[in-house]
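Notes to accompany the following structure.
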Amino acid sequence: MINKKELLEKFNKGVLSDTESDTLETMFINDSLTIDEFDIYRNLESHYEDEDINISLDHKIQNLISDEIQKENTKQHKKHWFTFLPLPIKLAFPIMLLLCGFFAGKSWQNTEKNTFTGIVNSQPGNVQMVNDILYHPSSSHRLTLVNNANKNSENQEQIIRVLFMSLNFDKSANVRMAAVDALMSHSDKAIVREGLIKSIGQQESFIMKEYLTEALNIIGEKINTSGIINTIDNDKNKTFDKNIY
Amino acid sequence: MKNIFTLFLLSFVTILGAQSNKDIEVPLSNPGKIGFLKTHLHHGSIIVIGEDRDNVVVNYDLDEDDNHEEEDSRRGGLKRVGRAKSGIKITEDNNIIEIDSDSKNKDIEITIIVPLNFNIEISNHNGDDLTVENITGEINIESHNSDISALNISGFVNANTYNGDVEISFDKIPSSKDMAFSSYNGDIDISLPSSYRADFKLKTVNGEILSDLDIEEVGKTPEFKSSKKGSFKLYTDTWTYAKLNGGGNEIKINTHSGDIMLRAK
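Listed in order, the protein sequences are those of chains U and Z.
For what it's worth, this note's numbering labels the leading residue of the first sequence as 1, then goes sequentially.
For what it's worth, this note's numbering labels the leading residue of the second sequence as 1001, then goes sequentially.
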């Protein structure tokens, strides 16, 4: 019996065999596996939650400092050995704590970001291409890479993940449309069809919503009721964004 | 290390409640080297013009409309002291110039004169036009309700609008990158050197594709996919594929309601 967790891990690393890929696809079709269990969307959500992480981190650091001050005050009443230390050392102590908190927070934040990009960077040969697709300042360069993404026949799972990131995050609508075209070549995979449906809710641009709907129409995917409800729910929670192309 | 030093050269100009029609000269950290202009307005038009120069000049016009002039008994006898004002922010850092506005509902017109070699990324939501002229570099233009035009361009252009026409005219195009032009309600008119080698991928739902270029349509067989359970799925591709001078980098043009015009320059 193949373990679901093990299969997902292999999918994330892009090392699924054909048989395992079929098993995963069957599990997905049989509803024993949902799209939210895939890192593509889990990381997508964590990306949106970055601000919350920062806020909670700020609170934690604040709490840490206020706890230390409180402890300090309590200890003062008991005439702790610390009270006999010279003033510069006493001052250095909370500063050191603050610095430790700062660096700990920074490394924590980096870890969060690394999980987002780390998965796609699992294959060193493709690191440059993946980074360029996601972060290159030239939209023409990103467009060219997305158009050619499927020419790399190895590691299809990784290509799909990168294309979904491009579809959901690239600021150029033309690059996002190219990502839809490229993903349509993988439309035989249920996860791709489901991901395209879910992406309609992620898009704020009308032209992208139209393009995705048309793409789904071409591949013959009917958006079921839960898909529509999810799309509407995603729309409801969107705050106003200035980039609505 | 060099970047760290140039940080000190950061030029930061904030104009709040500024008056109309002001020219602001923005020096570049590395004059003579290629720069990058990023501008976004929610409501307004942007015109970028390339000139043989070493700095950037920004001219802005904050439209002070008189929408509140209508009769209102409570306003009688009162003299106007001020009105809602818009602001723009201009920053320069290591040849990257960013211009942004906090205005969501007032029309702003910005004209930016840049050196000839410049990369441009401009966008708006509503407004008259987004225009770029005489530039050698990479251009990305995005809008929702504006016409887009990029004329006398040597380089690459990507343009997208929802309601508006797209007009692009190239002087030269290097052959290394793909380009895409899209609209939903609007014509797309592209002029390019007749010697350029390209693979066209074209689509209009309600319109025609017209050209005076010597392009050759390439018939594409319908995509065919079969599933492992024995059933099969077939769909026809609604794109028109064509080659210019034997083919090259891809130029994708897509509009829903409008014509596609390809012209020789």
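The beta carbon of each residue, even a glycine, is placed where N, CA and C say it ideally should be.
If you're wondering where the values come from, they're calculated on a predicted model, not measured in any experiment.
Residue span of the beta strand (DSSP E) that contains residue 1255 (chain Z), given as start and end: Translated into the one-based positions of the second sequence, residue 1255 (chain Z) becomes position 255. Run containing residue 1255 (chain Z): 1249-1257, per the beta strand (DSSP E) assignment.
Under 8 Å Cβ-Cβ, which residues of chain U neighbour residue 1177 (chain Z)? Here residue 1177 (chain Z) corresponds to residue number 177 of the second sequence, with the count starting at 1. Ordered by position in chain U, the residues that pass the 8 Å Cβ test against residue 1177 (chain Z) are 138, 140, 141, 143, 144.
Just to confirm before moving on: does the CB-CB distance between residue 1162 (chain Z) and residue 1257 (chain Z) stay below 8 Å? For this step, residue 1162 (chain Z) is matched to residue 162 along the second sequence. For this step, residue 1257 (chain Z) is matched to residue 257 along the second sequence. The answer is no: Cβ separation not under 8 Å.
Is the CB-CB distance between residue 1121 (chain Z) and residue 1140 (chain Z) below 8 Å? Translated into the one-based positions of the second sequence, residue 1121 (chain Z) becomes position 121. Translated into the one-based positions of the second sequence, residue 1140 (chain Z) becomes position 140. Yes, Cβ-Cβ distance for residue 1121 (chain Z) and residue 1140 (chain Z) is below 8 Å.
Strictly below 8 Å CB to CB, what residues from chain U border residue 1184 (chain Z)? Position 184 of the second sequence, counting from 1, holds the residue named residue 1184 (chain Z). Per Cβ cutoff of 8 Å: 206, 207, 210.
Which residues in the same chain as residue 1150 (chain Z) place their Cβ atom closer than 6 Å to its Cβ, once the five residues preceding and following it in sequence are excluded? Within the second sequence, numbered from 1, the residue matching residue 1150 (chain Z) stands at position 150. If we look at residue 1150 (chain Z) and ignore the five residues flanking it on each side, its Cβ neighbours are 1132, 1139, 1157, 1168.
Is the shortest distance between the beta-carbon of residue 1258 (chain Z) and the beta-carbons of chain U less than 8 Å? Within the second sequence, the letter at position 258 stands for residue 1258 (chain Z). Chain U, which has no Cβ nearer than 8 Å to the Cβ of residue 1258 (chain Z), makes this no.
Using three-state DSSP, classify residue 1040 (chain Z) as helix, strand or coil. Here residue 1040 (chain Z) refers to the residue found at position 40 when the second sequence is read from its first residue. Note: residue 1040 (chain Z) maps to strand in three-state DSSP.
Quick check on residue 147 (chain U) - is its C-beta less than 8 Å from some C-beta in chain B? Judged by its chain identifiers, the structure shown contains no chain B, and its protein chains are U and Z.
Between the segment 1177-1192 of chain Z and the segment 131-148 of chain U, do at least 3 Cβ pairs fall closer than 8 Å? yes
What do you reckon, are the CB atoms on residue 1108 (chain Z) and residue 1041 (chain Z) nearer than 8 Å? Start at 1 with the first residue of the second sequence, and residue 1108 (chain Z) comes out as number 108. Start at 1 with the first residue of the second sequence, and residue 1041 (chain Z) comes out as number 41. For residue 1108 (chain Z) and residue 1041 (chain Z), yes; Cβs fall inside 8 Å.
Is it right to say residue 1187 (chain Z) is buried, meaning 16 or more other beta carbons lie within 10 angstroms of its own, or is it exposed? Residue mapping note: residue 1187 (chain Z) aligns to position 187 of the second sequence, counting from 1. Result: buried.
Going by DSSP, which residues form a beta bridge with residue 34 (chain U)? The count along the first sequence starts at 1 and reaches residue 34 (chain U) at position 34. In DSSP, residue 34 (chain U) forms no bridge with anything.
On the DSSP letters alone, give me the boundaries of the beta strand (DSSP E) that residue 209 (chain U) sits inside. Counted from its first residue, the first sequence places residue 209 (chain U) at position 209. Here residue 209 (chain U) belongs to no beta strand (DSSP E); instead the alpha helix (DSSP H) covers 206-219.
Looking at C-beta atoms only, is the number of pairs between the segment 1193-1213 of chain Z and the segment 161-168 of chain U that lie closer than 8 Å three or more? no
Nonlocal neighbours in the same chain, by C-beta distance under 7 Å from residue 1160 (chain Z), ignoring five residues either side: The sequence position of residue 1160 (chain Z) within the second sequence is 160, counting from 1. The residues are 1142, 1182.
Exposed or buried, what is residue 19 (chain U) when buried is set at 16 or more other beta-carbons lying within 10 Å of its beta-carbon? The residue you call residue 19 (chain U) lines up with position 19 of the first sequence. That one is exposed.
For residue 151 (chain U), name the three-state secondary structure that DSSP assigns. For this step, residue 151 (chain U) is matched to residue 151 along the first sequence. In this structure, residue 151 (chain U) counts as helix in the three-state DSSP scheme.
Of all the residues that make up the segment 155-166 of chain U, which are near chain Z by a beta-carbon distance shorter than 8 Å? none
Between the beta-carbon of residue 1089 (chain Z) and the beta-carbon of residue 1060 (chain Z), is there less than 8 Å? Taking the second sequence and counting its residues from 1, the one referred to as residue 1089 (chain Z) is at position 89. Taking the second sequence and counting its residues from 1, the one referred to as residue 1060 (chain Z) is at position 60. For residue 1089 (chain Z) and residue 1060 (chain Z), no; Cβs fall outside 8 Å.
On the three-state DSSP scale, how would you describe residue 19 (chain U)? In the first sequence, residue 19 (chain U) corresponds to position 19, counting from 1. Reduced to three states, the DSSP call for residue 19 (chain U) is helix.
Residues in the segment 1088-1117 of chain Z with C-beta within 7 Å of chain U's C-beta atoms, listed in sequence order? none
For residue 1138 (chain Z), go through chain U and note every residue whose CB falls closer than 7 Å to its CB, in chain order. Working through the second sequence from its first residue, we reach residue 1138 (chain Z) at position 138. The answer, in chain order, is 138, 140.
Contact residues within the segment 167-179 of chain U, judged by C-beta distance below 9 Å to chain Z: 171, 172, 173, 174, 175, 177, 178
Leaving out the 5 sequence neighbours to the left and right, which residues in its chain are closer than 6 Å to residue 1202 (chain Z) when beta-carbon positions are compared? Within the second sequence, the letter at position 202 stands for residue 1202 (chain Z). Within the same chain, residue 1202 (chain Z) has close Cβ partners 1209, 1240, 1253, 1260.
Beta-carbon contacts of residue 15 (chain U) that lie in its chain and below 8 Å, excluding the five residues immediately before and after: Taking the first residue of the first sequence as position 1, residue 15 (chain U) is located at position 15. No residues qualify anywhere along the chain.
Spatial distance of residue 1144 (chain Z) from residue 1244 (chain Z) (CA atoms): As a position in the second sequence, residue 1144 (chain Z) is number 144, starting the count at 1. As a position in the second sequence, residue 1244 (chain Z) is number 244, starting the count at 1. Roughly 30 Å between the two C-alpha positions.
By the 10 Å Cβ neighbour count, where 16 or more other Cβ atoms means buried, how is residue 1079 (chain Z) classified, buried or exposed? Position 79 of the second sequence, counted from the start, is the residue given in the question as residue 1079 (chain Z). That one is exposed.
Does the beta carbon of residue 1250 (chain Z) come closer than 8 Å to any beta carbon on chain U? The residue given as residue 1250 (chain Z) occupies position 250 in the second sequence. Output row for residue 1250 (chain Z): interface = yes.
Residue from U:160, U:171, U:209 with nearest C-alpha to residue 187 (chain U): Position 187 of the first sequence, counting from 1, holds the residue named residue 187 (chain U). Taking only the C-alpha atoms, the option nearest residue 187 (chain U) is U:160.
Is there a Cβ from chain U that is less than 8 Å from the Cβ of residue 1156 (chain Z)? By one-based count along the second sequence, residue 1156 (chain Z) stands at place 156. With 8 Å as the cut-off, residue 1156 (chain Z) counts as an interface residue toward chain U.
Spell out the partners DSSP gives residue 1319 (chain Z) in its beta bridges. This structure does not reach residue 1319 (chain Z), given that chain Z is present from 1001 up to 1265, and the question cannot be answered.
Based on the DSSP output, what are the partners of residue 1115 (chain Z) in its beta bridges? One-based indexing of the second sequence puts residue 1115 (chain Z) at position 115. Answer is Z:1051.
According to the Cβ coordinates, are residue 7 (chain U) and residue 23 (chain U) closer than 8 Å? Within the first sequence, numbered from 1, the residue matching residue 7 (chain U) stands at position 7. Within the first sequence, numbered from 1, the residue matching residue 23 (chain U) stands at position 23. Their beta carbons are under 8 Å apart, which means residue 7 (chain U) touches residue 23 (chain U) by this criterion.
For residue 1045 (chain Z), is the classification buried or exposed, using 16 other Cβ atoms within 10 angstroms of its Cβ as the cut-off for buried? The residue given as residue 1045 (chain Z) occupies position 45 in the second sequence. Its Cβ being crowded by 16 or more others within 10 Å, residue 1045 (chain Z) is buried.
Quick one: is residue 1126 (chain Z) near chain U, going by C-beta distance under 8 Å? In the second sequence, residue 1126 (chain Z) corresponds to position 126, counting from 1. Closer than 8 Å: no.
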